[in-house]
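S.K.:
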Amino acid sequence: MGLTAASAANAADELTLQLKWVTQAQFAGYYVAKDKGFYEEADLDVTINPGGPDIAPPQVIAGGGADVVIEWMPAALAAREKGVPLVNIAQPFQRSGMMLTCRKETGIETPEDFRGRTLGVWFFGNEFPFLSWMSQLGIPTEGGDDGVEVLKQGFNVDPLIQEQADCVSTMTYNEYWQVIDAGFTPDDLVVFNYTDQGVATLEDGIYVLEESLADEAMADKLARFVAASMRGWEYACENQQEAAEIVLENDATGAQTEEHQVRMTGEICKLIGDSDGTLDTAAAETTVDSLLAGGSDPVITARPEGAWTDAIMNKVKGM
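Every position in the sequence shown, counted from 1, becomes a number in my numbering once 1 is added.
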């Protein structure tokens, strides 16, 4: 056998992962798994593609640009209902990190106080949990004294700082700290955590297309990917400083700071907890219930079938 043929025979299986957002500690486990050789040990050659404000992971995978995507369940279920057959194969994040952060000086104390206010909301699929929450509260999102004015928020907290909005969307591990770094103290803020409000939806799950599960070789590859990724998360949470440094080494933009990434790693690990990647089906059903409770304009219109599977995790546990 020639060298070329031997190399081909021994080549690691290629897999492309599309992240939901830019390179940051939100995805530390995957970068750590690649950097520490966990993917290589699993005979995988993984390419990690960062996301951004104009990148929708369901569109990327539907177009053949990735084998696996990291996505929030609301966006995944909405895409599934529109014809992109995404399936959740693993769920590293156990808790939601999404919050609405308000300036205390506005007088907002409870969700009922949102009426007549301007709230910053992210779009590109991130608006679904918010719209579902407002619908459950019976608060219109078209403005007016009885409703809320929705400000299409960029991926920053400028509207709060510049007093263009009374509240803005933040994640526990990212934008909240941008508010703090801008000079606010926790006492200056009123925070509504989606989990505490009972409207949390699952975030940062691992999704593939249904057709990948029908291919036995691909299913085996995915099981190795999930197992190595969860090794990456375990290592990242046990070695948070090193994990943050690995993330920074992979950030081609140079926009991230070490302090912020170390802090983010710690907050992300709180959301992961002791997860082994197994999806809590009760949490998934809660996500579905929340999205179906969307009043006249629900995020999804029917309870999904086949939107998650334990087939890959069962393979992982049998390894």
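Note that the Cβ used here is the ideal one computed from N, Cα and C, for glycine as well. Treat the numbers as computed from the prediction; the structure is a model and nothing was measured.
1. Tell me which residues share the same chain as E41 and place their Cβ nearer than 7 Å to its Cβ, disregarding the 5 neighbours each side in the sequence.
2. Tell me the residue span of the beta strand (DSSP E) that contains L292.
3. Determine the direct distance from the alpha carbon of I71 to that of G206, and round the result to whole angstroms.
4. If you draw a straight line from the alpha carbon of F185 to that of L101, how long is it in whole angstroms?
5. Taking the C-alpha atoms as reference points, what is the distance between A285 and L292?
6. Considering only the alpha carbon of each residue, which of F115, V191, V47 lies closest to S136?
7. Considering T171, what are the terminal residues of the beta strand (DSSP E) in which it resides?
8. Check whether the segment 25-33 and the segment 220-236 touch, using three or more Cβ-Cβ pairs below 8 Å as the test.
9. Measuring CA to CA, which of D290, G278, I301, T302 is closest to T310?
10. I'd like to confirm the pairing. Which residues does DSSP put opposite L138 in its beta bridges?
11. Per DSSP, which one or two residues make a beta bridge with G307?
12. Taking all protein chains shown into account, do 16 or more other C-beta atoms lie within 10 angstroms of the C-beta of F124, making it buried, or fewer, making it exposed?
13. How is the alpha helix (DSSP H) around Y40 delimited, first residue to last?
14. Closest by CA to E306, which one among L87, S133, G155, D36?
15. For A244, which residues in the same chain have their Cβ closer than 6 Å to its Cβ, ignoring the five residues on either side in sequence?
16. Taking the continuous beta strand (DSSP E) assigned at R104, which residues delimit it?
17. With distances taken Cα to Cα, identify the nearest neighbour of F226 among Y208, L132, V61.
18. On a CA-only basis, which of D44, K37, E268, G53 is nearest F156? Give me that one, please.
19. Since I313 contacts L223 with CB under 8 Å, what's their CB separation in whole angstroms?
20. Should S276 and V200 be called a contact, given that it needs their Cβ atoms to be closer than 9 Å?
21. For a test of the three-state rule: what should DSSP assign to D188, helix, strand or coil?
22. Please work out which residues of its chain come closer than 7 Å, Cβ to Cβ, to A228, disregarding the five sequence neighbours upstream and downstream, and give them in chain order.
23. Quick one: using the 10 Å Cβ neighbour count with 16 as the cut-off for buried, is A10 buried or exposed?
24. Opposite V151 in the DSSP bridges: which residues?
25. Secondary structure at I301, three-state DSSP: helix, strand or coil?
26. Less than 9 Å between the C-beta atoms of M74 and T288, yes or no?
27. With a CB to CB cut of under 7 Å and the five nearest residues on each side skipped, what residues in its chain are close to A308?
28. Start and end of the beta strand (DSSP E) containing G30?
29. Under the three-state reduction of DSSP, which class applies to V70: helix, strand or coil?
30. Where does N175 land, buried or exposed, given buried means 16+ other C-beta within 10 angstroms?
31. Would you list, in sequence order, the uninterrupted alpha helix (DSSP H) runs of no fewer than 4 residues that lie entirely inside the segment 177-254?
32. Closest to G272 by CA distance: which of H261, Q95, G65 is it?
33. So, N194 versus S97, is the Cβ gap smaller than 9 Å?
M.R.: So, from the data block:
1. In the sequence shown, the residue the question calls residue 41 occupies position 40. Closer than 7 Å at Cβ, skipping near neighbours: A13.
2. Position 291 of the sequence shown holds residue 292. That residue, L292, is in no beta strand (DSSP E); its alpha helix (DSSP H) goes 282-293.
3. If you number the sequence shown from 1, residue 206 lands on position 205. If you number the sequence shown from 1, residue 71 lands on position 70. Those two C-alpha atoms are separated by around 6 Å.
4. Position 184 of the sequence shown holds residue 185. Position 100 of the sequence shown holds residue 101. Going from the Cα of F185 to the Cα of L101 covers about 15 Å.
5. As a working note, residue 285 is residue 284 in the sequence shown. As a working note, residue 292 is residue 291 in the sequence shown. Spanning the two alpha carbons is a distance of roughly 11 Å.
6. Locating residue 136 in the sequence shown gives position 135, where the first residue counts as 1. Closest by alpha carbon: F115.
7. Translated into positions along the sequence shown, residue 171 becomes position 170. Segment 168-172, the beta strand (DSSP E) holding T171.
8. Short answer: they touch.
9. Counting from one through the sequence shown, the residue named residue 310 turns up at place 309. The alpha carbon of T310 has as its nearest neighbour, out of D290, G278, I301, T302, the alpha carbon of G278.
10. Looking up residue 138 in the sequence shown gives position 137. Beta-bridge pairing links L138 to no other residue.
11. One-based indexing of the sequence shown puts residue 307 at position 306. DSSP, once it has assigned bridges, lists no residue as partnering G307.
12. Here residue 124 refers to the residue found at position 123 of the sequence shown. Result: exposed.
13. Walking along the sequence shown from the start, residue 40 turns up at place 39. Counting along the chain, the alpha helix (DSSP H) containing Y40 begins and ends at 39-42.
14. Counting from one through the sequence shown, the residue named residue 306 turns up at place 305. Out of L87, S133, G155, D36, L87 has the C-alpha closest to the C-alpha of E306.
15. The residue you call residue 244 lines up with position 243 of the sequence shown. So the list reads A29, V33, A237, T266, once near-sequence residues are dropped.
16. Looking up residue 104 in the sequence shown gives position 103. Note, R104: beta strand (DSSP E), 99-104.
17. Along the sequence shown, one-based indexing puts residue 226 at 225. Answer by Cα proximity: Y208.
18. Looking up residue 156 in the sequence shown gives position 155. Comparing Cα-Cα distances from F156 to each of D44, K37, E268, G53, the minimum goes to G53.
19. Working through the sequence shown from its first residue, we reach residue 313 at position 312. Working through the sequence shown from its first residue, we reach residue 223 at position 222. Their Cβ separation, rounded to whole angstroms, is 5 Å, which keeps I313 and L223 in contact under 8 Å.
20. Position 275 of the sequence shown holds residue 276. Position 199 of the sequence shown holds residue 200. Between S276 and V200, the C-beta gap is not smaller than 9 Å, which leaves the two residues out of contact.
21. Indexing the sequence shown from 1 puts residue 188 at position 187. Of the three classes helix, strand and coil, the one that applies to D188 here is helix, per DSSP.
22. Within the sequence shown, the letter at position 227 stands for residue 228. Counting only Cβ-Cβ distances below 7 Å, and skipping sequence neighbours, we find A43, V317, M320.
23. For the purposes of this step, residue 10 is taken as residue 9 along the sequence shown, with counting starting at 1. With a pLDDT of 49 at A10, under the threshold of 50, the modelled position of that residue is not reliable, and the figure given next carries that caveat. So A10 ends up on the exposed side.
24. In the sequence shown, residue 151 corresponds to position 150, counting from 1. Checking the DSSP bridge columns, you'll see V151 partnered with L120.
25. On the sequence shown, residue 301 is found 300 positions in, with the first residue counted as 1. Reduced to three states, the DSSP call for I301 is coil.
26. Locating residue 74 in the sequence shown gives position 73, where the first residue counts as 1. Locating residue 288 in the sequence shown gives position 287, where the first residue counts as 1. Yes, Cβ-Cβ distance for M74 and T288 is below 9 Å.
27. In the sequence shown, counting from the first residue as 1, residue 308 sits at position 307. Contacts found: L78, R81, V88, N89.
28. Along the sequence shown, read from residue 1 onward, the residue named residue 30 stands at position 29. Segment 29-36 is the alpha helix (DSSP H) holding G30; no beta strand (DSSP E) there.
29. Against the sequence shown, residue 70 aligns to sequence position 69. For V70, the three-state secondary structure derived from DSSP is strand.
30. For the purposes of this step, residue 175 is taken as residue 174 along the sequence shown, with counting starting at 1. Burial state of N175 is buried, judged by a 10 Å Cβ sphere holding 16 or more other Cβ atoms.
31. The DSSP assignment places complete alpha helix (DSSP H) segments of no fewer than 4 residues inside the segment 177-254 at 211-215, 217-239, 241-250, in order along the chain.
32. Stepping through the sequence shown from its first residue, residue 272 is reached at position 271. The question names Gly, but residue 272 in the sequence shown is Leu. Among H261, Q95, G65, the Cα nearest to that of L272 belongs to Q95.
33. In the sequence shown, counting from the first residue as 1, residue 194 sits at position 193. In the sequence shown, counting from the first residue as 1, residue 97 sits at position 96. Going by C-beta atoms, N194 is nearer than 9 Å to S97.
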